[in-house]
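Some notes on the structure that comes next.
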Amino acid sequence: MNTRSGRPPAWSYWVVLPSFVLLWAWIAWFIQSPLLPTPLDVLDTLIRESASGELWHHLGATLGRVLVAFVLAMLLGTAIGIVMGRSRTTNALFDPLLVLMLNLPALVTIILMYVWFGLVEVAAVMAVVINKVPNVAVTVREGARSLDYRLEEMATVYNFTRWQRFREVWVPQLFPYLMAATRGGLALIWKIVLVVELLGRSSGVGFQLYMAFQVFDVAAILAYSLAFIAVVQLIELAILQPLERRSSRWRQPEAAHA
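Residue numbers (full-length UniProt numbering): 1 to 258.
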């Protein structure tokens, strides 16, 4: 039945990951090296860091930076994308700069922000925002270009205000593009924030990874990495996937008739 519906069997989701953990445990037991701790050693470190409060402190610092950078990047990128998508002249003027920013390595931006503004929180957040805004702008620009002109004419006929036009006409059509920018944005921001913390902050998961690297504490590196991955996965399952299903709901009737 699952094969006919196109869905894989439920057990298939519980094969590869447990097998990987078992393989990891066997290799760690076989080589007996502190450079490859066993899963139980990593779990013990995770519990110890959690009990001491260090884990929650540094996770909170990282998530705070991610949240601020994400909100700013989405707001700026969405505004830029809409303007460039709706105006050919504006797009022609700023497209070369957008391409330049898309190809600028994140590491370069981070270093420049720290050199120009110092090792401060504002510089850290700015580095993340600058790296993310072009990606959001490009995605939203494509959505703005595809807005249905018939709905625009309807809004004009009914004398919609700017706010009504934005809320009732633009947002529903842009929502799938905003979701694509959101998912891609978070995936990129997580990584950049860790590098920002590693290079110039005194708190956060990236900072803890740097400290663990200094003493070759692989168990701590893996423990903080797994905790961070767990939080990211929770956000993915609890927030992003439901929103993505909502953004593509309009396609379901058409798919059902296909």
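In this text, a Cβ means the ideal position worked out from N, Cα and C, and glycines have one as well.
The model shown is predicted, which means the values in this text are computed figures rather than measured ones.
- Message: Taking 8 angstroms as the threshold (C-beta atoms), are alanine 92 and glycine 185 in contact?
- Response: no
- Measure the alpha-carbon distance for tyrosine 210 versus proline 18 and round it to whole angstroms. 28 angstroms
- Message: Measuring straight from C-alpha to C-alpha, what distance separates leucine 222 and tryptophan 56?
- Response: 16 angstroms
- Task: Could you check if proline 34 is buried or exposed, using at least 16 other CB atoms within 10 Å of its CB as the buried criterion?
- Result: exposed
- Item | 6 angstroms CB neighbourhood of glutamine 208 in its chain, flanking five on each side removed | His58 and Tyr224
- Just curious, the alpha helix (DSSP H) that glycine 206 is in, first and last residue? 205-214
- Could you check the C-alpha separation between leucine 243 and tryptophan 29 for me, to the nearest Å? 43 angstroms
- Task: Please report how far the alpha carbon of alanine 258 lies from the alpha carbon of arginine 150, in whole angstroms.
- Result: Residue placement at alanine 258 is flagged as unreliable, the pLDDT there being 43, under the threshold of 50; a coordinate-derived value is accordingly withheld.
- Query: Measuring CA to CA, which of Trp26, Val196 and Ile82 is closest to serine 146?
  - Reply: Ile82
- Run through DSSP, which three-state label would alanine 255 get? Because alanine 255 sits at a pLDDT of 46, beneath the cut-off of 50, its placement in the model cannot be relied upon, and the point is left open.
- With 16 as the cutoff for other CB atoms within 10 Å, does valine 115 come out buried or exposed? exposed
- Answer yes or no: does any C-beta atom of chain C fall closer than 8 angstroms to that of proline 242? In summary, chain C is missing from the structure at hand, where a single protein chain is found.
- Quick one: is glycine 77 buried, meaning 16 or more other Cβ sit within 10 Å of its Cβ, or exposed? buried
- Are the beta-carbon atoms belonging to valine 138 and leucine 98 less than 8 angstroms from one another? yes
- Query: Between the Cα of lysine 132 and the Cα atoms of Gln173, Val68, Val169 and Leu119, which residue gives the shortest distance?
  - Reply: Val68
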